[in-house]
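Scroll down for the structure; my scribbles are underneath it.
Protein chains: 2
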Amino acid sequence: MSTPAREPQQERSRTTRRRLIEAAVECLGEHGWSGTTVAVIAQRAGVSRGAAQHHFRTREELVTAAVEYVGAEQVTRLREYAGRLPSGESRIEPVVDMLLNLYTGPMFRAALHLWVAASADEALRSVLAPLEARVGREAHRVSVELLGVNESHPGVREMVQATLDLARGLGLANLLRDDARRRARIVRQWARVLGTALPEPGSAITRPTDITMPTP
Amino acid sequence: MSTPAREPQQERSRTTRRRLIEAAVECLGEHGWSGTTVAVIAQRAGVSRGAAQHHFRTREELVTAAVEYVGAEQVTRLREYAGRLPSGESRIEPVVDMLLNLYTGPMFRAALHLWVAASADEALRSVLAPLEARVGREAHRVSVELLGVNESHPGVREMVQATLDLARGLGLANLLRDDARRRARIVRQWARVLGTALPEPGSAITRPTDITMPTP
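Read top to bottom, the protein sequences are chains A and B. Just so it is clear: in the first sequence, position 5 is 5 by UniProt numbering, and no numbers are missing. Just so it is clear: in the second sequence, position 140 is 140 by UniProt numbering, and no numbers are missing.
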C-alpha cells in the first residue's frame with residue numbers, strides 16, 4: 001500500500017475495485033437491487049466476471065463496499081466544501097445549503113433502492129442496517145463539526161439530527177421531479193431557524209443557548 | 001351511490017375494489033413494483049383475475065387508485081386525531097407528534113417502493129408524479145389547518161413544508177430499524193422550535209410573528 005509506484009499490479013487491482021464499486025452505484029440507481037448482480041456490474045465496469053468475483057464474492061459484499069465508498073466520498077466532499085467557507089456566523093446558511101442538498105444526487109437514488117430492497121429482504125437488511133447506522137453517525141459527526149455547535153447543549157443534538165433527516169426527506173421529494181426551487185426556500189428558512197435555535201459558532205461553549213426549554 | 005342498501009351488486013363492487021386496493025398496498029410493500037402485477041394482487045385479494053381487470057385494466061391504474069386511497073386515508077386519520085386534541089397552544093406538540101409519525105407505517109413503505117420504481121420508469125413516473133404532488137399538497141393543507149398557522153406570514157409556509165419533509169426523512173430512517181425512541185426526541189425538540197417560530201394558534205392573524213428575517 002505504501003509504495004504504489006512499485007506495485008502496478010496492486011494499483012491495477014485498486015482501480016478495478018473502484019470501477020466495480022462505481023458500476024454498482026450506477027446499476028443500483030438504474031435497475032434496483034433485483035437487477036443488480038455481480039455479472040451485470042462486472043459487464044458495466046468492463047471487468048471479467050472472474051476478476052469481479054476475485055474482489056467481491058457476492059453482490060452483498062460489493063454493495064457493502066459501495067455504501068462505504070459513498071459515505072466516505074460524502075464526508076470528503078463535505079470537508080472540502082467546508083474548508084472553502086468563511087468562518088463565523090455566516091457559515092450557517094452555506095453549511096445548511098450543503099447539508100440539505102446532500103441527498104439529491106444519483107448516489108442517494110442508489111442508496112434508496114438498497115434501503116427499499118433491504119426492508120423486504122432479511123439477509124440484505126442484516127448487512128445494510130449496521131453499515132447505514134455507521135455512515136449516518138459519520139455524517140452526523142461531520143455536520144456537528146461544520147455547523148460548529150456544541151452537542152452538550154440541550155436540543156442541539158436533535159436539531160442536527162433533524163437537519164439530516166430533513167435532508168433525506170428533501171432527497172425523496174427530489175426523486176420524481178426537480179425540487180430545487182422549493183428546496184432553496186426551505187434552506188433559507190432552515191438556516192434562519194438553526195441560526196436562532198443553535199448557539200453561534202465559536203460561542204457554543206461559553207454562551208448559554210436560547211434553545212433551552214421554553215416550558216418546564 | 002346514494003342508496004347502497006338497494007344495490008347489493010354496487011356495494012359488492014365497491015368492496016371488491018377496496019380489497020384490490022388494499023392488496024396492492026400490501027404487495028407493493030412486500031414485493032416491490034416489479035413483483036406487483038394485477039394477477040398477484042387479484043390472488044391476494046381473493047378476486048378472479050377477470051374481476052380485477054374489470055375494475056383496473058393495468059397495474060398503473062390500480063396503483064393510482066391505491067395512492068389516492070392512501071392519501072385520503074391519511075387525511076381522514078389526521079382529521080379524526082386532530083378532532084380529539086385540546087385547542088390552544090398545547091396542540092403543537094401532539095400535532096407535530098402526529099405529523100412526524102405519519103410516514104412510519106406499511107403505507108409509506110409501499111409508496112417508497114413506487115417512488116423508487118418510478119424514478120427509473122418513465123411511464124410510471126408520468127402517472128405518479130402529478131398524483132404524488134396532489135397528495136402532498138393535501139397533506140400540506142391539512143397540516144396548516146391542524147397547526148392553526150397563517151401562511152401569509154413569511155417563513156410559515158416553509159416551516160410547514162419542512163415539517164412534512166422531515167416526516168418523510170424520519171420515515172426513511174425507520175425503514176431498516178425501529179427508530180421510535182430517537183424520533184420521539186426529535187418530535188419534542190421540533191415542537192419546541194415550531195412553538196417559538198410559528199405564531200400561536202388563534203393569534204396567527206393579529207399578532208406579528210417572530211419568524212420574520214433576522215437579517216436583511
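From the three backbone atoms N, C-alpha and C, an ideal C-beta is built for every residue, glycine too. Here the structure is a predicted model, which means the values were calculated and not measured.
Rounded to the nearest angstrom, what separates residue i and residue j at their Cα positions?
i        : j        : result
A:Pro201 : A:Val149 : Low local confidence applies: a pLDDT of 49 at A:Pro201 is under 50, so the model's placement there is unreliable, and no value is given.
A:Cys27  : B:Arg125 : 19 Å
A:Leu78  : B:Gly136 : 30 Å
A:Thr163 : A:Val96  : 8 Å
A:Leu198 : B:Gly171 : 25 Å
B:Arg182 : A:Ala191 : 22 Å
B:Ala23  : B:Thr16  : 10 Å
A:Met159 : B:Leu147 : 20 Å
A:Ala66  : A:Ile92  : 30 Å
B:Leu131 : B:Val187 : 28 Å
B:Arg134 : B:Arg141 : 11 Å
B:Val40  : B:Glu80  : 33 Å
A:Ala204 : A:Arg185 : Confidence at A:Ala204 is low in this model, with a pLDDT of 39, below 50, so the placement of that residue should be treated as unreliable; the coordinate-derived value is given next. Those two C-alpha atoms are separated by around 27 Å.
A:Ala129 : B:Arg12  : 44 Å
A:Glu122 : B:Arg157 : 40 Å
B:Arg14  : B:Trp115 : 27 Å
A:Ala173 : A:Gln189 : 17 Å
A:Arg18  : B:Ile21  : 44 Å
A:Arg177 : B:Gly169 : 17 Å
B:Ala51  : B:Pro8   : 16 Å
A:Val193 : A:His54  : 50 Å
A:Met1   : A:Gln10  : With a pLDDT of only 49 at A:Met1, under 50, the local geometry of the prediction cannot be trusted, and the value read off the model is given with reservation. Looking at the two C-alpha atoms, the distance is approximately 8 Å.
A:Glu73  : A:Leu175 : 21 Å
A:Glu151 : A:Gly46  : 46 Å
A:Ser90  : B:His153 : 24 Å
Hey, does residue i have any beta-carbon neighbour from chain C nearer than 8 Å?
i        : result
A:His153 : Going by chain labels, chain C is absent from the structure shown, which instead holds the protein chains A and B.
Under the three-state reduction of DSSP, which class applies to residue i: helix, strand or coil?
i        : result
A:Val47  : coil
B:Arg84  : coil
A:Arg14  : helix
A:Asp97  : helix
B:Ala120 : coil
A:Trp33  : coil
A:Tyr103 : coil
A:Phe56  : coil
B:Leu28  : helix
B:Leu114 : helix
B:Leu128 : helix
B:Leu198 : coil
What residues in its chain sit with their C-beta under 6 Å from that of residue i, if we drop five residues either side in the sequence?
i        : result
A:Gly32  : His113
A:Ala167 : Leu99, Leu100, Leu102, Tyr103
A:Ser87  : none
B:Phe56  : Leu62
A:Pro208 : Bear in mind that the predicted position of A:Pro208 carries a pLDDT of just 38, short of 50, making it unreliable; the figure below should be weighed with that in mind. Taken in chain order, the list of residues that qualify is empty.
B:Gly195 : Ile92
B:Asp179 : Ala173
B:Ala82  : Leu146
B:Pro94  : Leu85
B:Glu68  : none
Ordered along the chain, which non-local residues of its own chain (more than five positions away) have a Cβ less than 7 Å from that of residue i?
i        : result
A:Val127 : Glu60, Thr64
B:Gly29  : Pro106, Arg109, Ala110, His113
A:Glu138 : Gly71, Val75
B:Thr37  : Arg59
B:Arg84  : none
A:Arg44  : Ala23, Glu26, Cys27
B:Ser48  : Ala42
A:Ser143 : Leu99, Val160, Thr163, Leu164
Find the residues of chain B that neighbour residue i, judging by a C-beta separation of less than 9 Å, and give them in chain order.
i       : result
A:Gly50 : Within chain B, no residue comes near A:Gly50; the closest Cβ sits about 29 Å away, beyond 9 Å.
A:Gly32 : Gly32, Trp33, Ser34, Val116, Ala117, Ala120
In chain A, which residues lie with their C-beta within 9 Å of the C-beta of residue i?
i        : result
B:Val119 : A small fix is needed here, since residue 119 of chain B is Ser in this sequence, not Val. By Cβ distance, chain A contributes Gly29, Arg109, Leu112, His113, Leu175, Leu176.
B:Gly169 : Tyr103, Ala162, Leu164, Asp165, Leu166, Ala167, Arg168, Gly169, Leu170, Gly171, Leu172
B:Arg91  : Residues of chain A passing the Cβ test: none, with the nearest at roughly 14 Å.
Residue i versus chain B: which residues are under 7 Å apart at the beta carbon?
i        : result
A:Glu158 : Arg185, Ile186, Gln189
Give the interface partners of residue i over in chain A, defined as CB-CB distance under 8 Å, in chain order.
i        : result
B:Glu73  : Per Cβ cutoff of 8 Å: no residues; B:Glu73 is ~20 Å from chain A at best.
B:Leu128 : Leu176
With a threshold of 8 Å on Cβ separation, who are the neighbours of residue i within its own chain once the five nearest residues in sequence on each side are excluded?
i                      : result
A:Glu117               : Position check: residue 117 of chain A holds Ala in this sequence, whereas Glu was assumed. Around A:Ala117: Gly32, Trp33, Ser34, Leu124.
residue 238 of chain A : Residue coverage of chain A in this structure runs from 1 to 216, which leaves residue 238 of chain A outside it and unanswerable.
Name, please, each residue of chain A whose Cβ falls closer than 7 Å to the Cβ of residue i.
i        : result
B:Glu132 : Leu176
B:Arg12  : Here the premise fails: no neighbours, minimum Cβ distance about 32 Å.
B:Val193 : Val193, Ala197
Applying a beta-carbon distance threshold of less than 8 Å, which residues of chain B neighbour residue i?
i        : result
A:Arg125 : Leu176
Output the residue ranges of the alpha helix (DSSP H) runs that lie fully inside the segment 138 to 186 of chain B and measure 4 residues or longer, sorted by chain position.
List check, alpha helix (DSSP H) in window: 156 to 173.
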